[in-house]
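Everything below concerns the one structure shown next.
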Amino acid sequence: MEHPLHKIIGECINSNVFPNCKIIKDPACGGQQNVPLFCSKDKSNETEYCNVDLMMIKDNKIRVIIEIEETDVKPTQICGKFLTSALSSYYIHDSDNNTPIGMSDSVLFIQILDTSQLNEKTSKIKQWENLEKSIKNILPINKIRKYKLLYGNVSDFKNGDSNKCDKLVDYLKEALK
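If you want the numbering used here, it's the position in the sequence shown, counting the first as 1, plus 2.
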């Protein structure tokens, strides 16, 4: 299955722009592996809560988690992805010798939602803005202290006067200081 928004976000966030971070991407974002999060240092199916789309590690701690949703943009799906990540504590993968990498004391969680399937008179944008406010009102949850919800389509993040990729990079740079 093609994931054009995942791909463009994966291209947008790269080690040339963030040289002090390890950027781990799932295959849809142009990476080579799944990005699993676990509730404990024990790596097993019982402790694996989710796989995220993109993660940024700085100083050997998880600093940023990014989830991109291209199809199911309902609140239940959005909140489910957020909560399973918030309830997780470690990234563990063979590529890092199965060494648990924990969350920073202040993790930024970003969700990027695709608008390309929305109809012209949709109420989704307003719903998402309300959802973002509601999620921010209950923070922090575990180590997630910051939350940002972005939306757009491939062309919004690829080019144009209001290039959302540039805005995303600027936001990440500020958050990673």
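Ideal Cβ placement from N, Cα and C applies to all residues, glycine included.
Inspect the CB distances between the region 122-140 and the region 166-176 and report whether three or more fall short of 8 Å.
-> no
Would you be able to state if there are at least three C-beta pairs under 8 Å between the region 52-72 and the region 24-31?
-> yes
Between Ser-97 and the rest of its own chain, which residues show a CB-CB distance below 7 Å, the 5 nearest in sequence each way excluded?
-> Counting from 1 along the sequence shown, the entry for residue 97 is found at position 95. Excluding sequence neighbours, Ser-97 sits near Gln-35.
Buried or exposed: where does Ile-70 fall if 16 or more other Cβ atoms within 10 Å of its Cβ makes it buried?
-> As a first step, residue 70 is located in the sequence shown; it is residue number 68 there, counting from the start. Buried: at least 16 other Cβ atoms inside 10 Å.
What is the C-beta distance between Val-156 and Leu-7, in whole angstroms, given that I count them as a contact (C-beta under 8 Å)?
-> Against the sequence shown, residue 156 aligns to sequence position 154. Against the sequence shown, residue 7 aligns to sequence position 5. So it is a contact: roughly 6 Å between Cβ atoms.
Euclidean distance between Cα positions of Gln-119 and Gly-104 | Numbered from 1 along the sequence shown, position 117 holds the residue referred to as residue 119. Numbered from 1 along the sequence shown, position 102 holds the residue referred to as residue 104. So the alpha carbons of these two residues sit roughly 36 Å apart.
Expressed to the nearest angstrom, what Euclidean distance is found between the alpha-carbon atoms of Glu-50 and Lys-128?
-> The residue you call residue 50 lines up with position 48 of the sequence shown. The residue you call residue 128 lines up with position 126 of the sequence shown. Going by the C-alpha atoms only, they are around 33 Å apart.
What residue does the alpha helix (DSSP H) around Gln-79 start on, and which one ends it?
-> Position 77 of the sequence shown, counted from the first residue, corresponds to residue 79. Segment 77-88, the alpha helix (DSSP H) holding Gln-79.
Consult DSSP for Phe-20 and reduce its assignment to one of helix, strand or coil.
-> Taking the first residue of the sequence shown as 1, we reach residue 20 at position 18. Here Phe-20 sits in coil by DSSP.
Classification of Leu-152 by the beta-carbon crowding that lies within 10 angstroms, buried from 16 upward | Stepping through the sequence shown from its first residue, residue 152 is reached at position 150. By the 10 Å Cβ count, Leu-152 comes out buried.
Would you kindly check if the distance between the Cβ of Asp-55 and the Cβ of Asp-28 is under 9 Å?
-> Numbered from 1 along the sequence shown, position 26 holds the residue referred to as residue 28. Numbered from 1 along the sequence shown, position 53 holds the residue referred to as residue 55. Yes.
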